[in-house]
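Chains A and B, in that order, give the protein sequences.
The working numbering puts the first residue of the first sequence at 1409, with every later residue one more than the last.
The working numbering puts the first residue of the second sequence at 1409, with every later residue one more than the last.
Protein chains: 2
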Amino acid sequence: MDVREALLEAAAKVFAELGMRGATTKRIAQEAGVNEVTLFRHFKSKDDLLQAALEAYARRSQARTLPDHPAHPREELIEWCRAHYRDLHKHRSLIRKTMSEHEEHPAHCATGMQVSVRVADELKRYLNGLKDEGFAAGTWDALAATNMLIGALFSDAMGRDTMPERYPYSMRDAVELYVDLLLAAIGAKPAPRSGRGRHA
Amino acid sequence: MDVREALLEAAAKVFAELGMRGATTKRIAQEAGVNEVTLFRHFKSKDDLLQAALEAYARRSQARTLPDHPAHPREELIEWCRAHYRDLHKHRSLIRKTMSEHEEHPAHCATGMQVSVRVADELKRYLNGLKDEGFAAGTWDALAATNMLIGALFSDAMGRDTMPERYPYSMRDAVELYVDLLLAAIGAKPAPRSGRGRHA
DNA sequence: TACGCAAGCAAGTGGTTACTTGCATTCAGG
DNA sequence: CCTGAATGCAAGTAACCACTTGCTTGCGTA
């Protein structure tokens, strides 16, 4: 079923550009290189197609993992955040459109947001690990710290093109800046200066 | 010109619900309690009306100010962030729609984003003041810290209804949690415990 | 009273939308 | 060679869209 696959991909792309209302069946079919009628032979409605496309997107973006036991917090966090940031930035249009569908198509919205929820869970687990294994002192809330870091990455990835004046530093620097601020916030030791940055 | 005012308000409301494509002239006129033709007598096109409505929104949300010279950083920040968070949460639908218009209507998007840019400027100024006047030690980047705190507030306000599982704590607690994390991040003294929280 | 302005109303225009129908084409497998 | 499934194509339907036109109505003011 190559056609079905092409339609899902085309739907996601056109949806990212034009949103739910703007993504017409005609345009999606064109993008997929098939006849509009074929679209309706594979999916019973436009809504059905978009839902499937967003589910495929959510399934495709598998969870990036952080180590079960922290060893080099700064390096590990930076590498993970960089990967997460790349995903956010790459799919920023789709994410923006998905969020804005919350009022009219809550199901579509929820499907797209699954990714963020999984990502946040993973980071929270890791930060709790930092606390448990003595890498960070103090009485901070792991969930709040998680949401703060993910929120910084998210806002940066969403706002960098819509408000460039707010983000004069590079995307690469951004991740390090946020991670270092977070590490300071949770009272993390300045890191046992070992093999620095060996990230993709 | 009471009708014009009503149309601007109605346009913003309907746009927040349905987005640019969903906000039909018929629906906006209905919401404003006037005839659809009247809409076109006041604005030369739907695009024109929406642009004016977003400009009115941006103008209306005047800048909240932080003190020129910090005295009680924690209290001042919490009060200011609470006000900012309230605005974000109140207008979250409109903000989401505005952001998602970036590809198709960059002008509308830019107009709506002005608010955020002004808010970020104000916070950055204040954080630099904290550094200059010895309230916070260390070598942190004021812009990154600004974007981190605003990003946390923004993501929370946008995500609280679309991803409730990520935000089990109350909106009120959220602001304090983020502010305290930021203060720790920038090495702020735990505050000269004076007259606590006297916020609206 | 007469004028002019703002608004309402009914109708229409030309275009687009999601989705359907009927029929012709291609092509792989028995 | 025949069958059946997947696709293309042309056309059509009923609804909706932004926007226009022509005419009427109400109201303040000169």
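No residue lacks a Cβ here, since even glycine has one placed at the ideal position from N, Cα and C.
CA nearest to the CA of I1594 of chain A, picked from A:G1537, A:M1566, A:P1572 and A:E1511: A:G1537
- request: Output yes or no for whether 7 Å exceeds the beta carbon distance between V1587 of chain A and C1489 of chain A.
  value: yes
task: Taking A1424 of chain A as the reference, give the member of A:K1505, A:G1520, A:F1562 and A:T1519 with the closest Cα.
output: A:K1505
task: Check the Cβ-Cβ distances between D1549 of chain A and every residue of chain B, and say whether any is below 7 Å.
output: yes
message: Quick check: what's the CA-CA separation for E1487 of chain A versus D1529 of chain B?
response: 30 Å
query: Going along the chain, which unbroken runs of the alpha helix (DSSP H) with 4 or more residues stay wholly within the segment 1528–1583 of chain B?
result: 1550–1567
task: Identify whether A1479 of chain A lies in helix, strand or coil by the three-state DSSP scheme.
output: coil
- prompt: Which residues in chain B sit within 7 Å of T1432 of chain A, going by Cβ to Cβ distance?
  reply: Going along chain B, no residue has its Cβ under 7 Å from T1432 of chain A, so there is no contact; the nearest lies around 11 Å.
- request: For A1554 of chain A, collect the residues of the same chain with a Cβ closer than 7 Å to its Cβ; drop the 5 residues on either side in sequence, then sort them by chain order.
  value: Note that residue 1554 of chain A is Thr in the sequence shown here, rather than Ala. Same-chain partners within the cutoff: A1528, L1531, K1532 and L1535.
- request: Mind listing, in chain order, the continuous alpha helix (DSSP H) runs of no fewer than 4 residues lying wholly within the segment 1461–1522 of chain A?
  value: 1481–1498 and 1500–1508
- request: Rounded to whole angstroms, what's the CA-CA distance from E1584 of chain A to L1591 of chain A? Just pull it up for me.
  value: 10 Å
task: Mind checking which residues open and close the alpha helix (DSSP H) that includes V1445 of chain B?
output: E1444 to H1450
query: In chain A, which residues lie less than 9 Å from E1425 of chain B when you measure between Cβ atoms?
result: E1511 and E1512
Outcome for D1578 of chain A when other beta-carbon atoms lying within 10 angstroms are tallied against a minimum of 16: According to the sequence displayed, residue 1578 of chain A carries Ser and not Asp. Exposed, since its Cβ has fewer than 16 Cβ neighbours within 10 Å.
- request: Report the neighbours of R1533 of chain B on chain A: residues whose CB is nearer than 9 Å to its CB, in chain order.
  value: For a Cβ distance threshold of 9 Å, nothing in chain A lies close to R1533 of chain B: the least Cβ distance comes to about 14 Å.
message: Does the structure place the segment 1446–1466 of chain A close enough to the segment 1415–1430 of chain A that three or more beta carbon pairs sit under 8 Å?
response: yes
message: If we define contact as Cβ-Cβ less than 7 Å, is A1479 of chain B a contact residue for chain A?
response: no
message: I need the straight-line Cα distance from W1548 of chain A to P1576 of chain A, nearest angstrom please.
response: 30 Å
- prompt: Taking DSSP as the reference, what is the three-state secondary structure of A1431 of chain A?
  reply: Correct three-state label for A1431 of chain A: coil.
Sequence-distant residues of the same chain with beta carbon closer than 7 Å to P1475 of chain B, five excluded per side: E1484
- prompt: What's the call for H1499 of chain B, buried or exposed, on a 16-neighbour Cβ count within 10 Å?
  reply: buried
message: Check this for me: beta carbons of A1550 of chain A and L1496 of chain A, under 7 Å apart or not?
response: no
- prompt: Exposed or buried, what is E1541 of chain B when buried is set at 16 or more other beta-carbons lying within 10 Å of its beta-carbon?
  reply: exposed
- prompt: M1556 of chain A and A1560 of chain B: beta carbons closer than 7 Å?
  reply: yes
- prompt: Hey, K1421 of chain B and E1439 of chain B are a contact pair by Cβ (cut 8 Å); roughly how many whole angstroms apart?
  reply: 6 Å
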